[in-house]
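Residue numbers (the working numbering), protein chains in the order written: chain X, 2 to 78; chain L, 4 to 280. Notes to accompany the following structure.
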Amino acid sequence: MSADERIAAAERALADHGVYGATVEVEGHQREIAAVHVPSDDWERLMGPDGVSIADAVKAAGFRYVALDLAPAGADG
Amino acid sequence: MVSREKRERLESILRECESVVIGYSGGVDSVFLARVAVDVLGADRVLAVTGKSDSIASWMEDTARDVARDFGIPWLEVETREMDDPRYAANPSNRCYFCKSELWTRLSTVAHEHGLKTVLDGSNADDVGDHRPGAVAASENAVRSPLLEAGLTKAEIRAWSHELGLPTWDQPAAPCLASRLPYGLSVTPERLRQVEDAELALRALGFRDFRVRHHGDVARLEVHPAEIHRVAEHRATIHAAVLEAGFTRVLVDLQGYRRGALNEGLAAGQLVQLGGR
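What follows is the structure in structure tokens.
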């Protein structure tokens, strides 16, 4: 599966769990991390108990780790 | 609660060792072992030795020194040079073997110089089954593991440490800073400094059980599930502090901190388990 396909699959998995408007980038020296940027309103849910099951769904797209970007909305990288 | 049988077994093993040098990191296990060894053997037959290197967090070194002073444990610090070994710096999945080989070789020399008979480590019964290539180096240097031999678990060591008044009784596990780098990403003093600076910033915010994983330019924070909700509260401060440590992007792992997360990508054939040497 190419990196682009993994991104689309990860964003679909997030939408399937009700997380809309998320963007995913590939990070890590082995390209093993899904770096997820979500609107601030979704932070509380992802940092709560739902976060683990959502991460599992995103990992199924081909990532070893799923992590939220701490940069504020609109910030670069 | 620790059974009488296990207590007596540990004391018996220590008496068997006669006089000891203990690999003393300042963590829960080695502090406990050193304290009990002093009780059983007397201070003149015990020397706790801390290996000083860039891969050891400065707060661990401070804990090691302070506890030794406060509890009458004879203490020595020796510089270790694992970073000079290219096999270690390349960060293979058996990196710990090269580090521990350097440590145990140095401690064996210290034991010989001080006329002390046995070198000990703080491995415990819960370490069996973990990926521990360093255990091979311990075995090669005839290092004994009294806590493991006595069957003491981490929970029992914490409970007994509490009884003894040791401040480390509830200290979170704190392996070396190189454990924050995924295998294959070379270990450098600069990368270890970045990890330490970022972790000190989180510690200053009151986080206790977490890791800053180094992925090149990216920091991936693993925070214990019990504390992860606090990340949102301190989001801007954490972001700024970790960037200041030299990373260009800061991520927080949705699954939180779990022991040995960087071993998740290893194939079964790469795992070296304690108890299966």
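Glycine included, C-beta positions come from ideal geometry on N, C-alpha and C. Just so it is clear, the structure is predicted and the values come from calculations on it, not from any experiment.
Query                                                                                                                                                                                         : Result
With 16 as the cutoff for other CB atoms within 10 Å, does L/D57 come out buried or exposed?                                                                                                  : buried
Any C-beta of chain X within less than 9 Å: which residues of the stretch 164–191 of chain L qualify?                                                                                         : P185, G187, L188
How big is the Cα-Cα spacing for L/L123 and L/P175?                                                                                                                                           : 22 Å
Using a Cβ-Cβ cutoff of less than 7 Å, which residues in the same chain neighbour L/Y91 once the five nearest sequence positions on both sides are dropped?                                   : E85, R98, F101, C102, V190
In angstroms with no decimal places, state the Cα-to-Cα distance between X/E33 and X/Y66.                                                                                                     : 6 Å
Specify whether the stretch 150–169 of chain L and the stretch 21–38 of chain L touch according to this definition: at least 3 beta carbon pairs, one from each stretch, less than 8 Å apart. : yes
Am I right that L/F317 and L/V198 are in contact with their C-beta atoms under 8 Å? What's the rounded C-beta distance?                                                                       : It is not possible to answer for residue 317 of chain L, since the shown part of chain L is limited to 4 through 280.
Quick check: what's the CA-CA separation for X/D77 versus L/Q258?                                                                                                                             : For X/D77, the predicted model reports a pLDDT of 44, less than 50, meaning its position is unreliable and no value from the coordinates is stated.
Please give me, in chain order, every unbroken run of the alpha helix (DSSP H) with length at least 4 that falls completely inside the stretch 13–72 of chain X.                              : 44–47, 51–60
Taking the straight line between their C-alpha atoms, what separation do you get for X/K60 and L/D129?                                                                                        : 29 Å
Could you work out which residues of chain L lie near X/H18, taking near to mean beta carbons separated by less than 8 Å?                                                                     : Correct list: empty, because the minimum Cβ distance to chain L is about 11 Å.
Pick from L/V245, L/L246, L/A235: whose alpha carbon is nearest that of X/S41?                                                                                                                : L/A235
Given this structure, state the Cα-to-Cα distance separating L/G168 from L/V39, to the nearest angstrom.                                                                                      : 12 Å
Considering only C-alpha positions, which residue in the set L/C20, L/H218, L/L106, L/E11 is nearest to X/A36?                                                                                : L/H218
Is there contact between the stretch 18–33 of chain X and the stretch 47–63 of chain X, where contact requires at least three CB pairs shorter than 8 Å?                                      : yes
Residues of the stretch 204–221 of chain L in Cβ contact with chain X at a cutoff of 9 Å, in chain order, please.                                                                             : R216, H218, G219, D220, V221
Does the contact criterion of 3 or more C-beta pairs under 8 Å hold for the stretch 227–247 of chain L versus the stretch 179–196 of chain L?                                                 : no
What number of angstroms, rounded off, separates the C-alpha of X/G1 from the C-alpha of X/L69?                                                                                               : Given that chain X is displayed from residue 2 to residue 78, the structure contains no residue 1 of chain X and the question cannot be resolved.
Fully enclosed by the stretch 4–49 of chain L, which alpha helix (DSSP H) runs are 4 residues long or longer?                                                                                 : 7–20, 31–44
Roughly how many whole angstroms lie between the Cα atoms of L/W107 and L/A141?                                                                                                               : 7 Å
Residues in the stretch 39–56 of chain X with C-beta within 8 Å of chain L's C-beta atoms, listed in sequence order?                                                                          : W44, E45, L47, M48, G49, G52, V53, I55, A56
Evaluate contact between the stretch 145–152 of chain L and the stretch 61–78 of chain L, counting only Cβ atoms and requiring at least three cross-stretch pairs below 8 Å.                  : no
If distances are taken between C-alpha atoms only, which option among X/E6, X/A14, X/R13, X/V27 comes closest to L/D220?                                                                      : X/V27
In whole angstroms, give me the CA-to-CA distance for L/E143 and L/G125.                                                                                                                      : 16 Å
Looking at the secondary structure, which residues open and close the alpha helix (DSSP H) in which L/F101 lies?                                                                              : 98–117
With a threshold of 8 Å between beta-carbons, can X/G78 be considered close to chain L, or not?                                                                                               : Per-residue confidence for X/G78 stands at a pLDDT of 41, beneath the threshold of 50, marking its modelled position as unreliable; no derived number is given.
With DSSP collapsed to three states, give me the class of L/G54.                                                                                                                              : strand
For X/R7, I'd like the list of residues in its chain whose CB is within less than 6 Å of its CB, leaving aside the five on either flank, ordered along the chain.                             : A62, G63
Is L/D124 helix, strand or coil when you go by DSSP?                                                                                                                                          : coil
Against chain X, does L/H282 count as a neighbour if the rule is that its beta carbon must be under 8 Å from one of theirs?                                                                   : Limits of chain L in this structure are 4 at one end and 280 at the other, which puts residue 282 of chain L out of reach.
Any Cβ of chain X within less than 8 Å of the Cβ of L/Q258?                                                                                                                                   : yes
Taking the alpha carbon of L/A181 as the point to measure from, which residue in L/V215, L/D173, L/W172, L/L203 has its own alpha carbon closest?                                             : L/V215
With a threshold of 8 Å between beta-carbons, can L/I3 be considered close to chain X, or not?                                                                                                : Residue 3 of chain L is absent from the structure shown; chain L starts at 4 and stops at 280.
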